[in-house]
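For the sequence shown, position 30 (counting from the first letter as 1) is numbered 30 according to the UniProt record's numbering, and the numbering increases by one without interruption. Note that the Cβ used here is the ideal one computed from N, Cα and C, for glycine as well. Given the structure is predicted, the values throughout are model-derived calculations rather than measurements. Okay, so here's the structure we're looking at.
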Amino acid sequence: RMGVDSRATLMVCDHPMDMETARAASTHAGGVVSGRITLDALSARGADIVAPEFAELVKPLLAPR
């Protein structure tokens, strides 16, 4: 609806249920620790990329290519 291919987007997730939502929406899933869910748990649920905090998650995405 916004003219953006969902496969070119990243949903920031901090819970395994968010990973399922990202997959259902055909987006990439980036896992960020914000509470009791660990990086390993987010990775196991299908995160494309994981980081301990948001700033670390977006750093490689914003780096010059």
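Of the residues Cys13, Arg36, Met17, Ser34, the one placed nearest Asp48, counting alpha carbons only: Translated into the one-based positions of the sequence shown, residue 48 becomes position 48. Ranking Cys13, Arg36, Met17, Ser34 by Cα distance to Asp48 puts Cys13 first.
Cβ-based burial, Arg36 [other Cβ within 10 Å; buried from 16]: Taking the sequence shown and counting its residues from 1, one reaches residue 36 at position 36. Arg36 comes out exposed.
From Glu20, Val50, Thr21, residue whose alpha carbon lies closest to that of Ser34: Against the sequence shown, residue 34 aligns to sequence position 34. Cα-wise, what sits closest to Ser34 is Val50.
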